[in-house]
Each structure stands twice: as C-alpha cells, then as structure tokens.
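K.L.:
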Ligand SMILES: [Zn+2]
Ligand SMILES: [Zn+2]
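Numbering (the working numbering), first residue to last: 159 to 441.
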C-alpha cells in the first residue's frame with residue numbers, strides 16, 4: 159500500500175537504528191506471542207487457536223482474475239467478477255493468502271511499522287500455497303517482483319516489507335527475486351481516504367521499469383508481491399508495466415485481500431482501509 163515520502167534526518171536514522179537494535183534484544187528475550195492478538199503462544203510465527211480459527215483462507219468460489227469471492231450458481235473456475243469484466247486488470251490472476259481482517263491487519267502493520275521482521279516469514283509461509291497453485295503448470299521458476307517503495311520511504315524504514323516477503327517466498331519456492339526491476343518513479347501521496355478512482359489516479363506514473371527490464375522479463379512469469387490487495391490500484395499500475403515489458407505472464411500475489419461486503423467492489427469505500435495508518439501508535 160502506498161504512503162507519502164517523509165522528510166528524514168540523519169538523527170532519525172540513528173535513533174531508528176538504536177531502537178531497532180533494542181527491539182531485537184527485547185524480541186529475543188520475550189516469549190513468542192500470537193502475531194494476531196499478542197497472547198503468549200508455544201512457538202514463533204504461531205497464531206493462537208482463536209486467531210487461527212478467525213483466518214479466512216478464501217477457499218470459496220472467487221473471481222479467476224482478482225480473487226474476490228463471488229457467489230456463482232454454477233461452479234466455474236474461470237468465472238470473473240463484474241469489475242474485472244468491465245475493466246480487465248493487466249494481471250491474469252491475483253490470489254491472496256487470507257482475507258484482510260483483524261489478525262491480518264495486525265500482522266501487516268506490525269511488520270511495516272513495528273519492525274517485526276519475522277512477520278515477513280509468517281506472511282510468506284501463508285503465501286506459499288497460493289504461490290504453488292499459481293506456478294503449478296509452469297516449467298521455469300517464476301520471477302518474484304516486490305512492489306517497490308519510494309527511496310525516501312525505504313531509507314527511513316530501512317526495509318521494503320514486500321521485498322522481505324518475496325525473499326522468504328523465493329527461498330522456499332526456489333524462485334528468483336528482482337528487487338530493482340520495478341522502480342518507484344515518484345513518491346505518491348497517502349491513499350488514505352481515497353476511493354477506487356482517486357487511488358488509480360494517485361499511482362499514475364508512480365512506477366517505472368528499469369532500463370534492462372525487457373531482457374530480464376523475456377519469457378518469464380512475473381509475479382508481483384505485496385502485503386495487502388485493497389483497491390488493486392497499485393497492483394494494476396505495476397502489472398501494466400510488466401506487460402509492457404513483455405513478461406510472458408503477469409500475476410500478483412498478496413498476503414491479505416480486502417473483501418468488500420458487496421459483490422461489486424466498485425462501490426466499496428477503500429478509503430476506510432488506509433485509516434489503519436492512523437492507528438500506527440496502537441499496534
Ligand atoms: Zn491470537
Ligand atoms: Zn475480479
């Protein structure tokens with residue numbers, strides 16, 4: 159998900175590095191906690207029973223293109239939702255590990271803002287199954303492409319959460335990762351409070367292909383990796399470039415998929431999703 163570029167000073171970097179070091183020591187000394195609710199559990203990267211039971215693995219009928227759950231009278235693996243039929247996305251499939259809910263939200267936010275870097279591996283663990291389904295009929299290993307952060311954001315945070323997840327996934331699935339194939343050409347304003355159309359406009363021109371992208375994409379199945387699939391504006395913008403770069407196939411894989419209450423997500427208020435950003439201090 160996109161955020162605005164902040165002003166960063168050297169002091170911020172030093173304080174951030176010290177805080178990260180202190181957090182590492184604290185993490186090491188404390189017992190493992192459920193990544194969904196914080197209760198003490200037996201092992202690292204393990205949800206408590208209540209949180210595990212609350213996870214929605216999106217196993218029901220879904221749009222073949224964007225993976226939004228759909229109710230279909232006739233079971234059909236190729237069925238697409240109204241939004242995809244009206245405005246086909248540039249990716250051919252966009253599975254997610256789980257639906258965006260309280261536990262998924264906490265995991266994603268604590269990785270991004272709480273620097274719980276171990277959560278990237280947890281996310282990758284849950285994304286391994288949709289990744290294997292996505293690549294089941296392909297011979298060559300896929301090329302995982304994390305949605306890039308603007309350099310200011312990368313500099314202040316010290317890591318790209320999508321990049322960490324992609325690294326863990328690649329290690330487990332023997333895939334390749336290209337961290338520098340997609341570039342963030344400009345910082346985008348926060349998408350908080352923006353609806354679907356405004357989000358699409360905000361990410362216009364935000365991404366670019368690296369000069370050698372075409373050679374690297376030739377004949378490859380390019381899979382975009384991101385934490386949350388909300389309106390899909392970011393994934394569409396990135397996928398469009400990969401199609402232009404002549405990837406053989408373009409898909410997108412995320413940890414959590416926002417599932418609107420209505421089957422037609424064109425009317426869903428995606429603005430409410432980024433209001434998470436206002437809760438950063440309470441994660
Ligand atoms: Zn829990
Ligand atoms: Zn769809």
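C-beta: ideal position from N, C-alpha, C; glycine also.
No experiment lies behind these values; they were computed from the predicted model shown.
1. For the alpha helix (DSSP H) holding residue 504, just list the boundary residues, first then last.
2. For residue 220 and residue 356, I'd like the C-alpha separation in whole angstroms.
3. Starting from the Cα of residue 234, find the closest Cα among 226, 244, 222 and give me that residue.
4. Given that a residue counts as buried once 16 or more other Cβ atoms are within 10 Å of its Cβ, and exposed if not, what is residue 309?
5. How is residue 342 classed by DSSP in three states: helix, strand or coil?
6. Return the CA-CA distance between residue 438 and residue 264, expressed in angstroms with no decimal places.
7. To the nearest angstrom, how far is the alpha carbon of residue 413 from that of residue 191?
8. Could you tell me the distance, in whole angstroms, from the CA atom of residue 405 to the CA atom of residue 337?
9. What is the residue span of the alpha helix (DSSP H) that residue 407 lies within?
10. Cβ of residue 150 versus every heavy atom of ligand 2: is any distance shorter than 7 Å?
11. Taking only the alpha-carbon atoms, compute the straight-line gap between residue 313 and residue 237 and give it to the nearest angstrom.
12. Quick one, what's near ligand 2 if you take every residue whose CB is closer than 6 Å to any heavy atom, in chain order?
13. Just to confirm, is the Cβ distance from residue 387 to residue 407 under 8 Å?
14. Between 340, 361, 228, 346, which has its C-alpha nearest residue 374's C-alpha?
P.N.:
The structure says:
1. The displayed coordinates of the chain run from 159 to 441. Any statement about residue 504 would go beyond what the structure contains.
2. Within the chain shown, residue 220 is the residue found at index 62, counting from 1. Within the chain shown, residue 356 is the residue found at index 198, counting from 1. Taking the straight line from one Cα to the other gives about 26 Å.
3. By 1-based counting over the chain shown, the position of residue 234 is 76. Nearest of 226, 244, 222 to residue 234, Cα basis: 222.
4. By one-based count along the chain shown, residue 309 stands at place 151. By the 10 Å Cβ count, residue 309 comes out exposed.
5. On the chain shown, residue 342 is found 184 positions in, with the first residue counted as 1. The answer is strand: DSSP assigns residue 342 an E or B state.
6. For the purposes of this step, residue 438 is taken as the residue at position 280 of the chain shown. For the purposes of this step, residue 264 is taken as the residue at position 106 of the chain shown. Summary for residue 438: the model assigns pLDDT 32, below 50, so the residue's position carries little reliability; its value from the coordinates is reported in the next sentence. About 10 Å.
7. On the chain shown, position 255 is the one that residue 413 refers to. On the chain shown, position 33 is the one that residue 191 refers to. In a straight line, the C-alpha of residue 413 is about 20 Å away from that of residue 191.
8. Start at 1 with the first residue of the chain shown, and residue 405 comes out as number 247. Start at 1 with the first residue of the chain shown, and residue 337 comes out as number 179. Counting only the Cα atoms, residue 337 lies some 16 Å from residue 405.
9. The residue labelled residue 407 in the question sits at position 249 within the chain shown. Membership of residue 407 in any alpha helix (DSSP H) is not indicated; the residue belongs instead to the beta strand (DSSP E) covering 407 to 415.
10. The chain is shown from 159 up to 441; residue 150 falls before or after that span and cannot be answered.
11. For this step, residue 313 is matched to residue 155 along the chain shown. For this step, residue 237 is matched to residue 79 along the chain shown. Looking at the two C-alpha atoms, the distance is approximately 42 Å.
12. Taking each Cβ in turn, the ones that pass are 221, 223, 224, 226, 238, 239, 241, 242.
13. Mapped onto the chain shown, residue 387 falls at position 229. Mapped onto the chain shown, residue 407 falls at position 249. Going by C-beta atoms, residue 387 is not nearer than 8 Å to residue 407.
14. Walking along the chain shown from the start, residue 374 turns up at place 216. Proximity to residue 374 across 340, 361, 228, 346 peaks at 340, based on C-alpha coordinates.
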